[in-house]
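Worksheet: the structure to be examined is printed underneath.
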Amino acid sequence: RAENFLHGRRDLDDTISRLIAFEAAGADVLYAPGLSSIEDIERVCDAVTKPVNVVIGTAAAHFTVTDLLECGVRRVSTGSSLARAAIGGFLQAARELRDKGTFEYAQYAASFSEVEELLATAKKGRT
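When we follow our numbering, the leftmost residue of the sequence shown carries the number 18, and every step to the right adds one.
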C-alpha cells in the first residue's frame, strides 16, 4: 500500500516505485489509495504484474467498474463509501425536515419488506 497521494505527495513515479518494491517483497495485491484519474490508475496497472486494488472514495467516485476493469484493476473496494452514503442520506432527510418541513425523503426510503429481508439474510449468515 503506497499512500503517497493520501499524504500530499502526488508523485506517481515514486508511488509506482514503491508498488514495484512491495510486489518484489511478495505482496499479493497492490494498492495506491488517492489516485484520481484513470490515466494514473492505468499507469500503475501497466507497471506491475500483481492485481491492483482501487478503493472508491470521493476521488474515485466518478469511475465505473467497467472503467476500472478496462484499465487493469482487478479488485475494487468500497471502503467507507457505502456507510457514508447511508449517513449522507440520513443527513439530507433531516435537513429537509428541519429546513422545509417536508417529507419527500420518505419516497426514497427502503420498504419494510426490504429491511426485513436484509435483516433476515444477515441473521441467517450468523450461526
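Virtual Cβ for every residue (Gly too), placed ideally from N, Cα, C.
- In this structure, does DSSP put V93 in helix, strand or coil? The sequence position of residue 93 within the sequence shown is 76, counting from 1. V93: strand per DSSP, three-state reduction.
- Going by CA-CA distance only, name the one from E113, R18, D30, A64 that's closest to Y48. Walking along the sequence shown from the start, residue 48 turns up at place 31. Measuring from the Cα of Y48, the nearest candidate turns out to be R18.
- Item | L52 in three-state terms, based on DSSP | As a first step, residue 52 must be located in the sequence shown, where it is residue number 35. In this structure, L52 counts as coil in the three-state DSSP scheme.
- Message: Going by DSSP, what residue range makes up the alpha helix (DSSP H) through V82?
- Response: Taking the sequence shown and counting its residues from 1, one reaches residue 82 at position 65. Taken as a continuous stretch (DSSP letters only), the alpha helix (DSSP H) holding V82 covers 82 to 87.
- Whole angstroms is fine: what's the gap from G25's alpha carbon to A111's? Locating residue 25 in the sequence shown gives position 8, counting from the first residue. Locating residue 111 in the sequence shown gives position 94, counting from the first residue. G25 and A111: Cα-Cα distance of roughly 34 Å.
- Query: Taking the alpha-carbon positions, what's the H79 to R27 distance?
  - Reply: Along the sequence shown, read from residue 1 onward, the residue named residue 79 stands at position 62. Along the sequence shown, read from residue 1 onward, the residue named residue 27 stands at position 10. Between H79 and R27, the C-alpha separation is close to 19 Å.
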